[in-house]
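Have a look at the structure below, then the notes.
Protein chains: 2
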Amino acid sequence: MKIKIGIADDQQLFLRSLSNLISSFNDFEVVVEALNGQELLKNLAALSTLPDIILIDVQMPVMDGPTTVREITLKHPELATVALSMKEDDHSVLSMLRAGCSAYLLKDVHPRELERALIEVRNTGYYNSDISGVNYRRLLRRQENDEIKLTEREKTFLKLACSDFTYKEIASKMFLSEKTIDGYRESLFQKLNVKSRTGMALEAIRQNLVAF
Amino acid sequence: MKIKIGIADDQQLFLRSLSNLISSFNDFEVVVEALNGQELLKNLAALSTLPDIILIDVQMPVMDGPTTVREITLKHPELATVALSMKEDDHSVLSMLRAGCSAYLLKDVHPRELERALIEVRNTGYYNSDISGVNYRRLLRRQENDEIKLTEREKTFLKLACSDFTYKEIASKMFLSEKTIDGYRESLFQKLNVKSRTGMALEAIRQNLVAF
DNA sequence: GCGCTATACCGGAAATTTCCGGTATTTTTT
DNA sequence: AAAAAATACCGGAAATTTCCGGTATAGCGC
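Top line first, the protein sequences correspond to chains A and B.
Each residue of the first sequence is one higher than the one before, counting from 1 in full-length UniProt numbering.
Each residue of the second sequence is one higher than the one before, counting from 1 in full-length UniProt numbering.
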């Protein structure tokens with residue numbers, strides 16, 4: 001019996017290539033592919049036999065990695081999910097692991113390591129290697145790096161602040177007074193731990209709080 | 001005789017998967033793989049028969065896409081290069097085409113289109129489709145979008161400006177007066193066509209003038 | 001009802017950023 | 001050797017951003 005794999009990645013070429021590659025491994029078959037989280041859930045629902053492991057990209061349109069993982073573990077707790085990402089940044093890793101991933105792999109791992117990881121996830125339920133490029137120990141050491149919760153208004157403001165607009169212009173776009181805007185700014189500075197608007201914009205992008 | 005392909009991409013998993021995929025096409029074989037431009041050149045030099053087409057990622061460490069393309073077309077003008085990128089942004093596309101690429105494909109094309117594109121490049125010397133996600137016509141229409149030339153000092157300043165530092169701090173890091181820094185700032189605002197430091201930082205990242 | 005959070009707003013001051021119009025020296029290019 | 005480009009700097013002022021300590025209303029859960 002082959003190990004059944006699912007893959008969700010928004011880059012079609014990568015998705016299909018990877019699918020092809022995994023199918024070429026011994027004892028593996030890809031049973032579902034999707035370009036985003038929503039499509040994955042829809043496709044999963046149509047399957048008679050669920051996959052054993054699903055590889056999920058962190059950044060996807062429509063429904064992103066963490067949300068997808070949460071949805072899946074909610075509906076199918078027995079299904080193992082593996083995060084697949086280009087970025088090693090703390091926030092991505094943590095949000096995926098917290099959402100319930102069994103492993104976090106970088107897209108520049110060697111195919112052989114991917115195979116090894118998949119086998120290990122299947123056997124032990126998880127895979128965890130500093131060699132894979134992610135230093136879990138360091139991450140676990142400092143847990144204060146908790147997810148940043150923003151209110152809707154703050155998110156709207158933040159998106160507008162990642163631009164060449166002045167706060168005055170942003171205020172007018174949001175139909176608010178400059179002073180109110182100033183409140184959001186201050187709150188975001190706190191949450192993102194920065195001292196300037198430039199820092200805020202860069203941090204927002206780094207943490208994927210705004211699309212870029 | 002199969003069409004010989006070379007691939008350079010810094011994401012190992014993508015590189016190997018894609019290589020696998022292309023090898024599975026009829027009439028194609030991958031004869032060289034590399035994780036960056038430098039490695040590609042080294043590997044090419046060791047080959048007895050050159051590939052027909054080389055797929056090159058835009059963003060790579062050590063040696064990036066445009067530089068690699070220039071080097072290759074210099075040494076092997078008969079070799080066709082195809083840019084492979086995640087981003088459609090004007091600057092990436094232009095810099096690759098200007099460097100001498102025969103085609104520009106996004107990583108979310110369908111494998112079938114990749115195959116079609118490769119065949120076309122082999123036959124006609126180029127491939128060019130708005131369907132592939134890049135609107136060449138729009139790009140060619142406005143050529144004033146020319147590459148932005150920065151001096152070394154400006155680059156250094158720009159990198160430092162993409163941060164939470166104040167100009168005062170940047171001045172001290174560069175051992176210059178704040179006024180001198182102010183000169184660079186003004187010059188960069190002009191070149192990048194922005195009105196604020198935040199806009200400058202974002203534009204710098206968008207145009208890949210600073211690593212992020 | 002009480003606490004909590006989000007929302008919306010204010011005055012005032014200090015710090016930083018931005019803009020303007022300059023000068024001068026060195027390096028590179030033609 | 002002259003022109004052009006890059007580097008380094010200055011004064012002064014206006015605009016924007018940042019910081020501080022407030023107030024007030026509305027909605028939600030317990």
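For glycine and all other residues, C-beta sits at the position ideal for the given N, C-alpha and C.
* Is Gln-11/B close to chain A, meaning its C-beta is less than 8 Å from at least one C-beta of that chain? -> Chain A contact via Cβ: present.
* For Glu-152/A, count neighbouring C-beta atoms within 10 Å of its own C-beta (all shown protein chains included) and say buried if the count is 16 or more, exposed if not. => The Cβ neighbour count for Glu-152/A, taken over all protein chains shown within 10 Å, is under 16; the residue is labelled exposed.
* So does the segment 186-197 of chain A actually touch the segment 12-24 of chain B, counting three or more Cβ pairs closer than 8 Å? -> With a cut-off of 8 Å, the segment 12-24 of chain B and the segment 186-197 of chain A do not count as touching, because too few Cβ pairs lie within range.
* Which residues in chain B sit within 7 Å of Leu-21/A, going by Cβ to Cβ distance? -> For Leu-21/A, the residues of chain B that pass the 7 Å Cβ criterion are Arg-16, Ser-17, Asn-20, in the order they occur in the chain.
* **Segments of 3+ residues assigned as beta strand (DSSP E) that fall wholly inside the segment 57-89 of chain A** => Uninterrupted beta strand (DSSP E) stretches at least 3 residues long and entirely within the segment 57-89 of chain A occur at 80-85, given in chain order.
* Asked: Among all the DSSP beta bridges, which residues are the ones paired with Ala-46/A?
  -> DSSP lists no partner for Ala-46/A.
* Answer yes if the segment 36-45 of chain B comes into contact with the segment 191-202 of chain A, meaning at least three C-beta pairs across the two stretches below 8 Å, and no otherwise. => By the Cβ rule, the segment 191-202 of chain A does not count as touching the segment 36-45 of chain B, because fewer than three pairs are nearer than 8 Å.
* Taking the runs of the alpha helix (DSSP H) that are 4 residues or longer, which of them lie wholly in the segment 88-130 of chain A? -> Complete alpha helix (DSSP H) runs here, min 4: 90-99, 111-124.
* Could you check what DSSP says for Lys-173/A in three-state terms: helix, strand or coil? => Of the three classes helix, strand and coil, the one that applies to Lys-173/A here is helix, per DSSP.
* To do: Identify the contact partners of Cys-162/A in chain B, using a Cβ-Cβ distance below 7 Å as the criterion.
  => Per Cβ cutoff of 7 Å: Leu-202.
* Asked: What do you get for Thr-68/A, buried or exposed, if any count of 16 or more other CB atoms within 10 angstroms of its CB means buried?
  -> By the neighbour-count rule (16 or more Cβ atoms within 10 Å), Thr-68/A is buried.
* Asked: Would you call Gly-125/A buried or exposed, if buried means 16 or more other Cβ atoms sit within 10 Å of its Cβ?
  -> Taking a 10 Å sphere around the C-beta of Gly-125/A, we find fewer than 16 other C-beta atoms and assign the residue as exposed.
* Asked: Measuring CB to CB, does Ala-83/B end up less than 8 Å from Gly-65/B?
  -> Contact flag set, yes.
* Can you list the residues of chain A that Ser-24/B reaches, using a CB-CB cut of under 8 Å? -> What Ser-24/B touches in chain A: Asn-20.
* **Per DSSP, the bridge partner or partners of Val-30/A** => DSSP output for Val-30/A lists Ile-5/A as bridge partner(s).
* Asked: Just to confirm, are Leu-105/A and Leu-114/A a CB contact at a threshold of 8 Å?
  -> In contact: Leu-105/A and Leu-114/A (Cβ atoms closer than 8 Å).
* Quick one, which residues of the segment 98-114 of chain A are near chain B if we go by CB-CB under 7 Å, in chain order? -> Close to chain B, meaning a Cβ-Cβ distance shorter than 7 Å, are the following residues of the segment 98-114 of chain A: Lys-107, Asp-108, Val-109, His-110, Pro-111, Leu-114.
* Might you give, ordered along the chain, the residues of its own chain that have their beta carbon closer than 6 Å to the beta carbon of Ser-92/B, omitting 5 neighbours on each side? => These residues qualify, in order along the chain: Val-58, Ser-85.
* Asked: Can the beta-carbon of Leu-150/B be found less than 8 Å from the beta-carbon of Lys-191/B?
  -> Pairing Leu-150/B with Lys-191/B gives a Cβ-Cβ distance under 8 Å.
* Asked: Taking Cβ-Cβ distances shorter than 8 Å, what residues in chain B pair up with Val-82/A?
  -> Taking a Cβ-Cβ cut-off of 8 Å, Val-82/A has no neighbours in chain B, whose nearest Cβ is about 12 Å from it.
* Alpha-carbon to alpha-carbon, Leu-41/A and Asp-9/A -> So the two alpha carbons sit approximately 13 Å from each other.
* Give a yes or no on whether the minimum CB-CB distance between Lys-195/B and chain A is below 8 Å. => So yes, Lys-195/B belongs to the interface.
* Considering Ala-201/B, what are the terminal residues of the alpha helix (DSSP H) in which it resides? -> Counting along the chain, Ala-201/B sits inside the alpha helix (DSSP H) bounded by residues 197-206.
* At 7 Å on the CB atoms, spell out the chain B contacts of Met-86/A, in chain order. => Contact of Met-86/A with chain B by beta-carbon distance below 7 Å involves Gln-11.
* Can you tell me where the alpha helix (DSSP H) with Leu-192/B in it begins and where it stops? -> 178-192 is the extent of the alpha helix (DSSP H) around Leu-192/B.
* **Under 8 Å between C-beta atoms of Lys-159/A and Val-210/A** => Lys-159/A is a Cβ neighbour of Val-210/A, given a cutoff of 8 Å.
* Asked: Are any of the Cβ atoms in chain A nearer than 8 Å to that of Thr-73/B?
  -> So, not an interface residue.
* Of the choices Glu-88/B, Ile-181/B, Pro-51/B, whose alpha-carbon is the least far from that of Thr-156/B? -> Check the Cα spacing between Thr-156/B and each of Glu-88/B, Ile-181/B, Pro-51/B: the tightest is with Ile-181/B.
* From His-76/B to Pro-51/B, what does the alpha carbon distance come to, in whole angstroms? -> Cα to Cα, the separation comes out at about 10 Å.
* For Leu-40/B, which of helix, strand or coil comes out of DSSP? -> DSSP places Leu-40/B in helix when its eight states are reduced to three.
* Residue-chain proximity (Ile-54/B, chain A), Cβ-Cβ < 8 Å -> Ile-54/B does not count as touching chain A.
* Can you tell me whether Ala-171/A is buried or exposed, with buried defined as 16 or more other CB within 10 angstroms of its CB? -> Only buried fits Ala-171/A, as 16 or more other CB atoms lie within 10 angstroms of its CB.
* Tell me whether Leu-35/B sits in a helix, a strand or coil according to DSSP, three-state version. => It is coil, neither helix nor strand.
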